[in-house]
Amino acid sequence: MLASALAPEVDAMSSLDLTRERIRERLTKTGLSANDASRKAGLGLSYVNDLLTGKSKRPVPHRLAQLAEVLDCDVGYLLGTLDKARPHLKLVQSEPEATSSSTADFAIPIYNAGFPDADGFFKIDENSKVETVFTASRMLGPGVTYGIVVPDDSYAPRYYAGEQIFAHPNRSVSRGGFAVVRMKDGRATICRVVSLGETTVISRLADGQTREIPRAEIEGVHRVVGSVENF
1 MLASALAPEV
11 DAMSSLDLTR
21 ERIRERLTKT
31 GLSANDASRK
41 AGLGLSYVND
51 LLTGKSKRPV
61 PHRLAQLAEV
71 LDCDVGYLLG
81 TLDKARPHLK
91 LVQSEPEATS
101 SSTADFAIPI
111 YNAGFPDADG
121 FFKIDENSKV
131 ETVFTASRML
141 GPGVTYGIVV
151 PDDSYAPRYY
161 AGEQIFAHPN
171 RSVSRGGFAV
181 VRMKDGRATI
191 CRVVSLGETT
201 VISRLADGQT
211 REIPRAEIEG
221 VHRVVGSVEN
231 F
């Protein structure tokens, strides 16, 4: 984690320098500009530039976590507590053979979401599964992780039409995190989670409007663990 307020200033500066270095590295790896990464993370246009130029000297960990999702790495990598970025999702031409190896890749189903209604909810089912196949490390959970092709720009500025996001039902969702909320009536939406409880409060990505949903109506709240831009 970031250096403690009680640690020497030089240690804090070294930690921040490492964070800047790794942000630059991930920008190069993902092909994003600083402004693009800031916008996609929903952090304002100048957030990354402010970090890289020294205007911002004490980045907030939960904002770095939002940036890490866009930069395809774990927030611990940006903070210097991890030596490697998380495994990358990659496109393959055919589904790999089943294997018992814990390090083998596995297929992730991708779904084309139907156009959303006025509240941002859409339908996904077996009929909307598409042929595109991705693979990822088993750390994401074989047979669990799934992808959704974002149907339109109503989920901007976080996600845009044609982008593919990946959700994991068994990853915990924190307040302010991004998730796919699956309803018992077969509908789903992509949103920011405001709070979880007997009533779950979600925030629409386009305009920030909140909505309260009784827990009894929800099938699951699945954390968004990554995204891939349209090819």
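Reading the sequence shown from the start, the letters are residues 1 to 231 in full-length UniProt numbering. Yeah, the Cβ is synthetic: ideal placement off N, Cα and C, and Gly gets one too.
Per DSSP, the bridge partner or partners of residue i
i       : result
Pro-61  : DSSP output for Pro-61 lists no bridge partner at all.
Gln-164 : Val-149, Val-228
Neighbourhood of residue i by C-beta distance below 7 Å, restricted to the same chain and skipping five residues each side
i      : result
Glu-97 : Its pLDDT being 41, under 50, Glu-97 is placed unreliably by the model, and nothing is read from it.
Gln-93 : For Gln-93, the pLDDT reaches just 34, beneath the cut-off of 50, and the residue's location in the model is therefore unreliable, leaving the point undetermined.
DSSP three-state assignment for residue i, whether helix, strand or coil
i           : result
residue 237 : Here the chain covers residues 1 to 231 and nothing more, so residue 237 does not appear.
Tyr-77      : helix
Ile-124     : coil
Arg-223     : strand
Ser-154     : helix
Phe-231     : Caution is warranted here: a pLDDT of 37 is assigned to Phe-231, below 50, making its placement in the model unreliable, and the coordinate value is therefore given only provisionally. Looking at Phe-231 - three-state DSSP - the assignment turns out to be coil, as it is neither helix nor strand.
Asn-170     : coil
Tyr-159     : coil
Arg-22      : helix
Lys-129     : strand
Ser-14      : helix
Ser-38      : helix
Ala-188     : strand
Glu-198     : coil
Close Cβ partners of residue i (< 6 Å) along its chain, the five nearest in sequence each way excluded
i       : result
Lys-129 : Pro-109, Tyr-111
Arg-158 : Gly-42, Leu-205
Phe-121 : Arg-187, Thr-189
Tyr-155 : Ile-190, Leu-205
Contact under 8 Å by Cβ, residue i with residue j
i       : j       : result
Val-225 : Ala-167 : yes
Pro-116 : Asp-152 : yes
His-62  : Gly-176 : yes
Tyr-160 : Val-149 : no
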